Amino acid sequence: GQNIDQPTEMTATEGAIVQINCTYQTSGFNGLFWYQQHAGEAPTFLSYNVLDGLEEKGRFSSFLSRSKGYSYLLLKELQMKDSASYLCAPLRSSYKLIFGSGTRLLVRP
Amino acid sequence: SQTIHQWPATLVQPVGSPLSLECTVEGTSNPNLYWYRQAAGRGLQLLFYSVGIGQISSEVPQNLSASRPQDRQFILSSKKLLLSDSGFYLCAWSHSGTGGYEQYFGPGTRLTVT
């Protein structure tokens, strides 16, 4: 199966840290992507993990455990502009990403 | 640098009418191309992907079709729209071969079927 589970909504305070978790069934997946999508706009690429461990890119970090089918996206020093949906997308093959329904993050002052 | 274009940006069509959405990519050759649909408040559903001219793979049965008449052009069509075809249609591209698997999205077309 390809069940991808993410929390539907999260709320955090400006300047804080938030972790968005994603779990998926591991069969046939190689690597995992995270995308950011602001309301009414197209998704934009944030990160790609192909190996286990933590990848850091500025305020955003992403972690992957392939054997556990688990990933998280860590956002530090939250800004109001980080209010968006965050989409977890395991890589099914070299062509196919399978997108979760996304986590809607609301950053409050 | 690479850019991806989609048009139109918004579209309102009556049930039973035809549909043609176009996507073009600039700045790269032989890209993989994708059509996704996103219903309101939902995730992205892969509709079609193409790894070359004339090569189309369909992911879900539906009344939509796709064509790739040129290397960097991808078209989504329907002969007769249904109400359930309403949604946000996104075209995306990725490098072919070992150039990287990340997909880059166009601005999207918001389709309302009335």
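Residue numbers (my numbering), protein chains in the order written: chain G, 1322 to 1430; chain U, -9 to 104.
Backbone N, C-alpha and C fix where the C-beta goes; we use that ideal spot for every residue, glycine too.
This structure is a prediction, so every number in the text was calculated from the model and none was measured.
- Listed along chain G, no residue sits closer than 7 Å to F64 of chain U by beta-carbon distance, the nearest being about 14 Å off.
- The contact set of S1422 of chain G on chain U, defined by CB atoms closer than 7 Å, consists of R32 and G33 in chain order.
- Nearest C-alpha to V15 of chain U among U:Y94, U:R100, U:S68 and U:L36: U:Y94.
- Here the stretch 69 to 81 of chain U makes contact with the stretch 20 to 34 of chain U; the two share three or more CB pairs at distances below 8 Å.
- For the pair N20 of chain U and S68 of chain U, the CB atoms are not nearer than the 8 Å cut-off.
- Chain order gives the chain U residues near L1408 of chain G as G33 and L34, where near means a beta carbon separation below 8 Å.
- Apart from the 5 residues on each side of it in sequence, N1342 of chain G sits with its Cβ closer than 6 Å to the Cβ of Y1393 in its chain, given in chain order.
- Secondary structure at L101 of chain U: strand, using DSSP grouped into helix, strand and coil.
- Note that the C-beta distance between N1370 of chain G and S1382 of chain G is not below 8 Å.
- Looking only at U:T18, U:I43, U:G33 and U:P8, the smallest Cα-Cα distance to S(-9) of chain U is reached by U:T18.
- Per the coordinates, the alpha-carbon of L66 of chain U lies some 5 Å from the alpha-carbon of L11 of chain U.
- Here F64 of chain U is bridged, per DSSP, to U:C13.
- Runs of alpha helix (DSSP H) with 4 or more residues, each lying fully within the stretch 1336 to 1413 of chain G, are absent.
- The Cβ neighbour count for V5 of chain U, taken over all protein chains shown within 10 Å, is under 16; the residue is labelled exposed.
- Where I(-6) of chain U is concerned, the enclosing beta strand (DSSP E) starts and stops at T(-7) to W(-3).
- Counting C-beta pairs closer than 8 Å gives three or more between the stretch 1334 to 1352 of chain G and the stretch 1411 to 1425 of chain G, which meets the contact rule.
- Contact annotation: the stretch 1420 to 1430 of chain G does not touch the stretch 50 to 64 of chain U, with fewer than three C-beta pairs closer than 8 Å.
- In the DSSP annotation of this structure, V5 of chain U is not part of any beta strand (DSSP E), being labelled neither H nor E.
- By the CB criterion at 8 Å, R1387 of chain G and T1347 of chain G fall inside the cutoff.
- Judged by their CB atoms, E1362 of chain G and S1368 of chain G are not nearer to each other than the 8 Å cut-off.
- Around the CB of S74 of chain U, fewer than 16 other CB atoms lie within 10 Å, so the residue is classed as exposed.
- Contact of F1354 of chain G with chain U by beta-carbon distance below 9 Å involves Y91, E92 and Q93.
- Residues of chain U with a Cβ closer than 9 Å to the Cβ of Y1369 of chain G are, in chain order, G90, Y91 and E92.
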